[in-house]
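According to my numbering, the residues represented by the sequence shown are 119 to 354, in order.
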Amino acid sequence: MQTILAVENESFKLKINSSDKSRHNFVPRQHSADVSCCRNSFAAFQIIILCDGHACINLGNSPWFSEFYGAENIHVRHKGELTPVMNHIGMLLGDDGELYADMLKSSPVTDAAANVPSGIFVRFEISENVKPGKYSGVFLFYKSVLFGDEELIDKLEYTVNVNSAVLPKPHDGAFELDLWQHNCNIARKAEVENWSDRHFEIIEPYIKTLADIGARTVTAVVSEIPWSGQRCFRDK
Numbered sequence: 119m120q121t122i123l124a125v126e127n128e129s130f131k132l133k134i135n136s137s138d139k140s141r142h143n144f145v146p147r148q149h150s151a152d153v154s155c156c157r158n159s160f161a162a163f164q165i166i167i168l169c170d171g172h173a174c175i176n177l178g179n180s181p182w183f184s185e186f187y188g189a190e191n192i193h194v195r196h197k198g199e200l201t202p203v204m205n206h207i208g209m210l211l212g213d214d215g216e217l218y219a220d221m222l223k224s225s226p227v228t229d230a231a232a233n234v235p236s237g238i239f240v241r242f243e244i245s246e247n248v249k250p251g252k253y254s255g256v257f258l259f260y261k262s263v264l265f266g267d268e269e270l271i272d273k274l275e276y277t278v279n280v281n282s283a284v285l286p287k288p289h290d291g292a293f294e295l296d297l298w299q300h301n302c303n304i305a306r307k308a309e310v311e312n313w314s315d316r317h318f319e320i321i322e323p324y325i326k327t328l329a330d331i332g333a334r335t336v337t338a339v340v341s342e343i344p345w346s347g348q349r350c351f352r353d354k
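1) Under 8 Å: do the segment 229-238 and the segment 299-309 share three or more Cβ pairs, one atom per stretch?
2) DSSP three-state label for Arg141, please.
3) Ordered along the chain, which non-local residues of its own chain (more than five positions away) have a Cβ less than 7 Å from that of Ala124?
4) Leaving out the 5 sequence neighbours to the left and right, which residues in its chain are closer than 7 Å to Tyr218 when beta-carbon positions are compared?
5) Can Gly255 and Gly198 be called in contact, C-beta distance under 7 Å?
6) Look at Val203 and Arg241 and say whether their C-beta atoms are less than 7 Å apart.
7) Can you tell me which residues form a DSSP beta bridge with Phe265?
8) Our contact map puts Ile207 next to Phe239 with C-beta atoms below 8 Å; I'd like the distance itself, whole angstroms only.
9) State the DSSP-derived secondary structure class of Pro288, mapped to helix, strand or coil.
10) From which residue to which residue does the beta strand (DSSP E) around Thr210 run?
11) Within the continuous alpha helix (DSSP H) that includes Lys133, where are the two ends?
12) Taking Arg195 as the reference, which of Leu297, Ala308, Leu270 has the closest Cα?
13) Leu274 bridges to which residues according to DSSP?
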């Protein structure tokens, strides 16, 4: 199996045709990453993988086997001075019928179909205590089948340039975040009853995250029917 690796910037929006997934907007451009950031911030980029065969891409440390027989395993490992956070990028269907990169998935493994690009979002959290300077590292890509030996098939080098400036923490800055979301989506994903005690428990970490990134107030519209305001379906 042949594998193509390339780097895109953090704002790149992968798009795949939903009816013919071999049609997409990914064109391999560069094979290394050079990013910059201030302290108390983060640096990020995307790794795009395109395989000519079905593959199971694993970002974790535990073995995993695809449900598709014969699929090769691609294990992503990292060596460097900084510790990355890696997430597979999930695709959602847009109103125009195209699939768009939209969410960061929590699972360390994903199945990648043949000739369909798969994205990995790489993020380095840079605290205010990190010394300014250049930090280098490499991502190593190993291939294996079932219980066979691993073979190094590619690598991707990167450099993170950390500036001396220290950004204020989001909740201490002047920027005010206003983010709208429907909490029934959280209940649906967690498979719990709308507005149950468990639902509110699950909402709490979301509220903390909003506060951490600059939200000043959080308002929950507790409605009987999503997208129906505060009316009851019995209202005339």
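Even glycine gets a Cβ: it sits at the ideal position worked out from N, Cα and C.
All values reported here derive from a predicted model rather than from experimental measurement.
Working from what's here:
1) Too few Cβ pairs lie closer than 8 Å, so no.
2) Looking up residue 141 in the sequence shown gives position 23. DSSP places Arg141 in coil when its eight states are reduced to three.
3) As a position in the sequence shown, residue 124 is number 6, starting the count at 1. So the list reads Pro146, Arg147, Gln148, His149, Ile166, once near-sequence residues are dropped.
4) Within the sequence shown, residue 218 is the residue found at index 100, counting from 1. The residues are Lys131, Lys133, Met209, Leu210, Gly212.
5) Within the sequence shown, numbered from 1, the residue matching residue 255 stands at position 137. Within the sequence shown, numbered from 1, the residue matching residue 198 stands at position 80. Yes, they are a contact pair.
6) Indexing the sequence shown from 1 puts residue 203 at position 85. Indexing the sequence shown from 1 puts residue 241 at position 123. Yes, the Cβ-Cβ distance between Val203 and Arg241 is below 7 Å.
7) Residue mapping note: residue 265 aligns to position 147 of the sequence shown, counting from 1. Looking at the DSSP assignment, Phe265 forms no beta bridge with any residue, so it has no partner.
8) In the sequence shown, the residue the question calls residue 207 occupies position 89. In the sequence shown, the residue the question calls residue 239 occupies position 121. Yes, they are in contact, since the Cβ atoms of Ile207 and Phe239 sit about 5 Å apart, within 8 Å.
9) Within the sequence shown, the letter at position 170 stands for residue 288. DSSP, reduced to helix, strand and coil, places Pro288 within a helical segment of the structure shown.
10) The count along the sequence shown starts at 1 and reaches residue 210 at position 92. The displayed chain sequence assigns Leu, not Thr, to residue 210. Counting along the chain, the beta strand (DSSP E) containing Leu210 begins and ends at 202-211.
11) Indexing the sequence shown from 1 puts residue 133 at position 15. No alpha helix (DSSP H) holds Lys133; the beta strand (DSSP E) holding it covers 133-135.
12) Taking the sequence shown and counting its residues from 1, one reaches residue 195 at position 77. Taking the Cα of Arg195 as reference, the smallest distance to any Cα among Leu297, Ala308, Leu270 is reached at Leu270.
13) Along the sequence shown, read from residue 1 onward, the residue named residue 274 stands at position 156. Per DSSP, Phe257.
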